[in-house]
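S.K.: In this text, residue positions in the sequence shown follow the numbering used here: the first is 111, and each later residue adds one.
Glycine is no exception: its CB is placed at the ideal position from the N, C-alpha and C atoms.
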Amino acid sequence: GLKASVFQGNVLIDHQQFLKNFPTANGSSVFLIDGHKEQQQAIADELTLLYRDHGLELTAAPERLANFMTITNTYLTIFLLLGAMGLLLGTIGLAIVVQRSLLERKAEFALLASLGFKQRSIFRLMVSEYILLMGIGLLTGFVSAVISVFPVIGSTIDNVSMDFVLSLMAMIFINGLGWIVLLGALQLRKMKLVEALRNE
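#1: Taking buried to mean at least 16 other C-beta atoms within 10 Å of its own C-beta, is A220 buried or exposed?
#2: Have a look at L175, R174, G193 and flag the residue whose alpha-carbon is nearest the alpha-carbon of A255.
#3: Expressed to the nearest angstrom, what Euclidean distance is found between the alpha-carbon atoms of L278 and Y161?
#4: Tell me whether S238 sits in a helix, a strand or coil according to DSSP, three-state version.
#5: Here's a check: name, in chain order, each residue in its chain whose Cβ is nearer than 7 Å to the Cβ of L287, leaving out the five neighbours to either side.
#6: Look at the alpha carbon of F283 and the alpha carbon of I188, and state the distance between them as a whole number of angstroms.
#7: May I ask you to report which of helix, strand or coil DSSP gives Y185?
#8: Given a threshold of 16 other Cβ atoms within 10 Å of its Cβ, counted over all protein chains shown, does L212 qualify as buried or as exposed?
#9: Using alpha carbons as the reference points, say which of M179, L204, D273 lies closest to L292.
#10: Would you mind stating whether M244 and L298 have Cβ atoms separated by less than 9 Å?
#11: Can you tell me which of the three DSSP states S224 falls into?
#12: Out of S139, L190, L199, H125, state which residue places its alpha-carbon closest to the alpha-carbon of G165.
#13: Using DSSP with H/G/I as helix, E/B as strand and the rest coil, what is V116?
#14: Quick one: is F132 near chain B, going by C-beta distance under 9 Å?
#15: Classify G294: buried if its beta carbon has 16 or more other beta carbons within 10 angstroms, exposed otherwise.
#16: Specify the secondary structure class of V207 as computed by DSSP and reduced to three states.
#17: Tell me whether G165 sits in a helix, a strand or coil according to DSSP, three-state version.
#18: Are N131 and I123 closer than 9 Å when you measure CB to CB?
#19: Can you tell me the Cα-Cα spacing of I267 and T250, whole angstroms?
#20: Assuming P289 and T169 form a contact by the criterion Cβ under 8 Å, report the distance between their Cβ atoms to the nearest whole angstrom.
#21: What's the C-alpha gap between D163 and T184?
The structure is reproduced here in structure tokens:
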């Protein structure tokens, strides 16, 4: 019950029960001080001045929580960096797969051009097909990721930043779209109609 709070690592019991079980205790050594956020610094300065001879040490609740979460945050940072590297490799892999697929379909695009389809129409068809495949892949990955982390989401008091998740998905989509448009345009521009039709 005290996990992810300023009390973690402690045992909370009733004051009377504490005195009953520990009669030699000579008072409290830890205090939880509440006050208005705007007056936080003024309260800290006043208490430090009043109890300067007693070795008072004040720690803000967010700072205490951050100290508790240092190791967890370090692991999260490492995995975030690894995820970013995986994302970079994934986008490079996407570009390679799209380029290979376009080369294999070169004869198909040449046949469409010879049947009277304009280059712009072929380009739109090509881009729409790969965008559909990429969208299905993103949706599948998002659903599987939500399923895999759902138990963790349900057991923590931290809020999951959906803005960050949606921003990440948007970045992946825009990056993939850029590769598709760039490689598609280059493929159509370099396409030699007669040679491609011979292969077809």
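M.R.: This is what the structure holds:
#1: Counting from one through the sequence shown, the residue named residue 220 turns up at place 110. By the neighbour-count rule (16 or more Cβ atoms within 10 Å), A220 is buried.
#2: Translated into the one-based positions of the sequence shown, residue 255 becomes position 145. The option with the nearest alpha carbon to A255 is G193.
#3: Translated into the one-based positions of the sequence shown, residue 278 becomes position 168. Translated into the one-based positions of the sequence shown, residue 161 becomes position 51. Going from the Cα of L278 to the Cα of Y161 covers about 49 Å.
#4: Taking the sequence shown and counting its residues from 1, one reaches residue 238 at position 128. In the displayed model, S238 falls within a helix according to three-state DSSP.
#5: On the sequence shown, residue 287 is found 177 positions in, with the first residue counted as 1. Result list for L287: I241, in chain order.
#6: Counting from 1 along the sequence shown, the entry for residue 283 is found at position 173. Counting from 1 along the sequence shown, the entry for residue 188 is found at position 78. F283 and I188: Cα-Cα distance of roughly 24 Å.
#7: One-based indexing of the sequence shown puts residue 185 at position 75. Helix, per DSSP.
#8: In the sequence shown, the residue the question calls residue 212 occupies position 102. For L212, the number of other beta carbons within 10 angstroms of its own is at least 16, and it is reported as buried.
#9: Residue numbering aside, residue 292 sits at position 182 when the sequence shown is read from its first letter. For L292, the nearest C-alpha among the options comes from L204.
#10: The count along the sequence shown starts at 1 and reaches residue 244 at position 134. The count along the sequence shown starts at 1 and reaches residue 298 at position 188. Against a cut-off of 9 Å, the Cβ pair of L298 and M244 comes out as no contact.
#11: On the sequence shown, position 114 is the one that residue 224 refers to. DSSP places S224 within a helical segment (H, G or I) once states are collapsed to three.
#12: Counted from its first residue, the sequence shown places residue 165 at position 55. Of S139, L190, L199, H125, the residue nearest in Cα terms is S139.
#13: Working through the sequence shown from its first residue, we reach residue 116 at position 6. Residue state, collapsed to three classes: coil.
#14: Of the protein chains in this structure there is only one, and it is not chain B.
#15: Locating residue 294 in the sequence shown gives position 184, where the first residue counts as 1. Result: buried.
#16: Taking the first residue of the sequence shown as 1, we reach residue 207 at position 97. Note: V207 maps to helix in three-state DSSP.
#17: Position 55 of the sequence shown holds residue 165. If DSSP states are grouped into helix, strand and coil, G165 belongs with coil.
#18: Here residue 131 is taken as the residue at index 21 of the sequence shown, counted from 1. Here residue 123 is taken as the residue at index 13 of the sequence shown, counted from 1. Yes, these two residues count as a Cβ contact at 9 Å.
#19: Here residue 267 corresponds to residue number 157 of the sequence shown, with the count starting at 1. Here residue 250 corresponds to residue number 140 of the sequence shown, with the count starting at 1. Only weak support exists for where I267 lies, its pLDDT of 48 falling under 50; the coordinates are left without a value.
#20: If you number the sequence shown from 1, residue 289 lands on position 179. If you number the sequence shown from 1, residue 169 lands on position 59. Before going on, a small fix: residue 289 reads as Trp here, not Pro. About 49 Å; that fails the 8 Å criterion.
#21: The residue given as residue 163 occupies position 53 in the sequence shown. The residue given as residue 184 occupies position 74 in the sequence shown. Answer to the nearest angstrom: the Cα atoms are 37 Å apart.
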